[in-house]
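Asks: Residue numbers (the working numbering), protein chains in the order written: chain A, 35 to 189; chain B, 35 to 189.
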DNA sequence: CAAGTCAGTTCCTTTTTCAGACTTATGCTG
DNA sequence: CAGCATAAGTCTGAAAAAGGAACTGACTTG
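#1: Would you list the one or two residues that DSSP bridges to residue 56(B)?
#2: Quick check: is the beta carbon of residue 118(B) nearer than 7 Å to any beta carbon in chain A?
#3: Taking just the CA atoms, how far does residue 107(A) sit from residue 177(A)?
#4: For residue 189(A), I'd like the list of residues in its chain whose CB is within less than 6 Å of its CB, leaving aside the five on either flank, ordered along the chain.
#5: How is residue 170(A) classed by DSSP in three states: helix, strand or coil?
#6: If you scan the stretch 124 to 163 of chain A from start to end, which runs of the beta strand (DSSP E) of 3 or more residues do you find wholly inside it?
#7: In chain B, which residues lie less than 9 Å from residue 127(A) when you measure between Cβ atoms?
#8: So is residue 121(A) in contact with chain B if we call contact Cβ pairs under 7 Å?
#9: Could you compute how far the alpha carbon of residue 64(A) sits from the alpha carbon of residue 109(B)?
#10: Pull out every residue of the stretch 147 to 169 of chain B whose Cβ sits closer than 7 Å to any Cβ of chain A, in chain order.
#11: Give me the Cα-Cα distance between residue 93(B) and residue 105(A), rounded to the nearest whole angstrom.
#12: When DSSP builds the beta bridges, which residues end up paired with residue 106(A)?
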């Protein structure tokens, strides 16, 4: 597998994996959604090596997930803010959190609870069909080749 | 970071990342959802080295995502089938596919189209609140510490 | 009975990752 | 203004993971 051109594969999953398909990147994104924005803050909360953090942040900026915004001119300093493209990763993160809550829990209960400000309740994320609104299950989905297909790929 | 105990972190995202947080594992799961089940089939469609494939399949079986089921006794052969725990990863995969469709597309259009058998239409997956049914956005969610929290973690 | 298939395993090389020290620019403190 | 702190990196050598390719073993098929 040539990981450097994974984002050009005729498979949307591969293209997403090219961006978020490694452990550190997913953990960095978790921190972003928890409103962490600065290099030192990422580093100390994740205990990631500075070298890798630097590299991963650059990659996320290159892919347009984060924007590097100056917050101080005197000593030039920047923070990393989620773009819309980055914010749109939220369902992926929430789906992973929910799966972890459901299948990897321990006796202490879930680590975090999520409140939906719109309705004021604690909730779980549910994935539904955009057309009929019913919850989706793998076995009820049929896959067709789309216009962007080459041979046979994707999920 | 001690990757070998990531599945015991007080953070549901970390625990999920422990299982699916690498590129090969995600691509293997894609194939599973496309009904690939056998060693040779995974290997030839992904071009993964046999060594890594063997290791990843073992890990997925150990975590209870796949079940190794015999399909021939004479020469002992097995296939790898998604368990319920594995099928429940579907929203993660679909969220990734949808993000790829939306943000990593090229001029040829999307590689695959998904039909919901229940309603018969081509659809996109949408993540909604389990309580009010409205689509979820990162900025409308407030996070509270849950009973399983230690210090401060998770998304 | 030679060749092929399936599901791995073994061995060796190359690439990534890790841990920690070093750098650069600046601000704060006495 | 010397000395320490802070933020955001870069550099380096050792350890771990991934890649490539050949090898094994238990059959099956022509």
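Backbone N, C-alpha and C fix where the C-beta goes; we use that ideal spot for every residue, glycine too.
Replies: This is what the structure holds:
#1: Position 22 of the second chain holds residue 56(B). Answer is 56(A).
#2: Translated into positions along the second chain, residue 118(B) becomes position 84. It does not; no Cβ of chain A falls within 7 Å.
#3: Within the first chain, residue 177(A) is the residue found at index 143, counting from 1. Within the first chain, residue 107(A) is the residue found at index 73, counting from 1. In this model, residue 177(A) and residue 107(A) are separated by some 52 Å (Cα to Cα).
#4: Stepping through the first chain from its first residue, residue 189(A) is reached at position 155. Summary for residue 189(A): the model assigns pLDDT 42, below 50, so the residue's position carries little reliability; its value from the coordinates is reported in the next sentence. Once the five neighbours on either side are set aside, the close Cβ partners of residue 189(A) are 47.
#5: In the first chain, residue 170(A) corresponds to position 136, counting from 1. In the three-state reduction of the DSSP assignment, residue 170(A) falls in the coil class.
#6: Under the rule that a run must span 3 or more residues, the beta strand (DSSP E) segments found entirely inside the stretch 124 to 163 of chain A read 146 to 150, 159 to 163.
#7: Numbered from 1 along the first chain, position 93 holds the residue referred to as residue 127(A). Those within 9 Å of residue 127(A) in chain B are 47, 129, 172, 189.
#8: Numbered from 1 along the first chain, position 87 holds the residue referred to as residue 121(A). Chain B has a Cβ within less than 7 Å of the Cβ of residue 121(A).
#9: The count along the first chain starts at 1 and reaches residue 64(A) at position 30. The count along the second chain starts at 1 and reaches residue 109(B) at position 75. Cα to Cα, the separation comes out at about 46 Å.
#10: Listed by position, the residues of the stretch 147 to 169 of chain B near chain A (Cβ gap below 7 Å) are 147, 148, 149, 150, 151, 152, 153, 155, 157, 158, 159, 160, 161, 162, 163, 164, 165, 166, 168.
#11: As a working mapping, residue 93(B) is identified with position 59 in the second chain. As a working mapping, residue 105(A) is identified with position 71 in the first chain. Taking the straight line joining both Cα atoms gives about 44 Å.
#12: For the purposes of this step, residue 106(A) is identified with residue 72 of the first chain, where counting begins at 1. As computed with DSSP, residue 106(A) is found in a beta bridge with 111(A).
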